[in-house]
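According to the numbering used here, the sequence shown is numbered sequentially starting from 1.
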Amino acid sequence: MSTKLINFSKYSSIKIGGKVEVSILEKPSDFTGEHYLLGSCNNTLIGTQPPPLMILSKKYNYIKIEDGVLKIGGATPSGKIASFCKKHNIANFELVSHLPGTLGGLVYMNAGLKEYEIFNHLICIETTLGISQKEDIEYGYRYTNISSPILEAVFELHEGFDTKKVEMFKKMRSNQPSIPSAGSCFKNPEGDYAGRLIEAVGLKGKMLGDMEFSTVHANFLVNHGNGTFDDAIELIQEVQKKVYEKFHIWLECEIIILDKRYMGKESEILKPKL
Ligand SMILES: Cc1cc2nc3c(=O)[nH]c(=O)nc-3n(C[C@H](O)[C@H](O)[C@H](O)COP(=O)(O)OP(=O)(O)OC[C@H]3O[C@@H](n4cnc5c(N)ncnc54)[C@H](O)[C@@H]3O)c2cc1C
Numbered sequence: 001m002s003t004k005l006i007n008f009s010k011y012s013s014i015k016i017g018g019k020v021e022v023s024i025l026e027k028p029s030d031f032t033g034e035h036y037l038l039g040s041c042n043n044t045l046i047g048t049q050p051p052p053l054m055i056l057s058k059k060y061n062y063i064k065i066e067d068g069v070l071k072i073g074g075a076t077p078s079g080k081i082a083s084f085c086k087k088h089n090i091a092n093f094e095l096v097s098h099l100p101g102t103l104g105g106l107v108y109m110n111a112g113l114k115e116y117e118i119f120n121h122l123i124c125i126e127t128t129l130g131i132s133q134k135e136d137i138e139y140g141y142r143y144t145n146i147s148s149p150i151l152e153a154v155f156e157l158h159e160g161f162d163t164k165k166v167e168m169f170k171k172m173r174s175n176q177p178s179i180p181s182a183g184s185c186f187k188n189p190e191g192d193y194a195g196r197l198i199e200a201v202g203l204k205g206k207m208l209g210d211m212e213f214s215t216v217h218a219n220f221l222v223n224h225g226n227g228t229f230d231d232a233i234e235l236i237q238e239v240q241k242k243v244y245e246k247f248h249i250w251l252e253c254e255i256i257i258l259d260k261r262y263m264g265k266e267s268e269i270l271k272p273k274l
């Protein structure tokens, strides 16, 4: 299997992480379950002790109309999807115009804004284990139970790319900071907003080193230049602890933390006993 040296301080949207040798998935059998699959790292925080990592090969970077549906490879960047849909007058992908990521990451995270989510017009996916119909996948707000690499997703094909919707999504995002981040740090708890809770415990604008819970939008953990993984984690823990103590609400990370010390153990280690 081939590998590639990736410098995550450049590759990731939050500009944190060292140089790591990453394996490349060329064919389904390359995935044995030992690696953690990455897309373009727009929702991910890579630590100093990452697990073995893998990305999809460029051969999964494609988008095509076939048999009356839209087929998109797992490694296809959102910008390419948006341009293709604009060029071919295809509806329902205006959302991805300003949503950074690859198709695999967008589907795995069920990325979206308010009621507009990537799953809305999905038909099925192909993973390294075979085809799964949408009805057979559990999904919800920034959640799916997909457990193997997405190689392709198939969507309904509808006419009518809507530039007004692109403008609407751009406006909806105008309250997001423009400096490096990994998107929303925490999922919104039911009936509330993570940003409101962070503000309510006085941590909007809280800085540690070059990391900060943004003054523009409190739920964005931003990197002013030389932010580190340890500073990011310390700030995340401080917010979780203070919000839990004050509101008895445990803020679950939307950002995916890839470091052996934290993976799968986040709540056990961090959640304080009240
Ligand atoms: C400035 C900014 C604004 C953002 N705004 C929004 C927003 O409004 N709404 C929103 O929903 N998100 C938002 N995000 C988050 C991000 O755009 C999405 O989560 C996107 O889906 C991440 O895609 P990625 O390829 O970068 O995934 P990565 O960050 O690389 O990975 C994220 C998760 O997806 C999994 N994954 C990636 N590829 C595959 C694959 N092929 N098969 C299976 N699993 C895979 C990874 O294992 C990981 O668990 C924002 C991010 C930034 C930086």
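Ideal Cβ placement from N, Cα and C applies to all residues, glycine included.
Which of helix, strand or coil DSSP assigns to residue i
i	result
residue 66	strand
residue 137	coil
residue 46	strand
residue 120	helix
residue 9	helix
residue 111	coil
residue 31	coil
residue 207	strand
residue 168	helix
residue 3	strand
residue 213	strand
residue 201	coil
residue 253	strand
residue 37	strand
residue 130	strand
residue 244	helix
residue 220	strand
residue 19	strand
residue 97	helix
residue 60	helix
residue 179	coil
residue 159	strand
residue 14	coil
residue 91	coil
residue 191	coil
Cβ separation of residue i and residue j, assumed to be a contact under 8 Å, to the nearest whole Å
i	j	result
residue 254	residue 187	5 Å
residue 157	residue 90	7 Å
residue 51	residue 204	So it is not a contact: roughly 32 Å between Cβ atoms.
residue 149	residue 37	5 Å
residue 219	residue 195	4 Å
residue 78	residue 106	6 Å
residue 221	residue 153	With a Cβ gap of about 29 Å, residue 221 and residue 153 do not count as contacting.
residue 235	residue 211	6 Å
residue 125	residue 88	Rounded, the Cβ-Cβ distance is 21 Å, inconsistent with contact.
residue 120	residue 92	7 Å
residue 229	residue 48	6 Å
Proximity test, residue i beta-carbon vs ligand 2 heavy atom, cut-off 7 Å
i	result
residue 55	As presented, the structure is devoid of ligand 2, carrying ligand 1 as its sole ligands.
C-beta atoms of residue i and residue j nearer than 8 Å
i	j	result
residue 13	residue 42	yes
residue 201	residue 166	no
residue 16	residue 46	yes
residue 189	residue 251	yes
residue 256	residue 44	yes
residue 127	residue 146	yes
residue 122	residue 155	yes
residue 84	residue 63	yes
residue 24	residue 2	yes
residue 110	residue 76	no
residue 20	residue 70	no
residue 192	residue 208	no
residue 108	residue 95	no
residue 5	residue 74	no
residue 169	residue 98	yes
residue 246	residue 161	no
Identified DSSP bridge partners for residue i
i	result
residue 154	71 and 124
residue 77	102
residue 184	220
residue 55	24 and 38
residue 228	Answer is none; residue 228 lacks a bridge partner.
residue 262	Answer is none; residue 262 lacks a bridge partner.
residue 143	140
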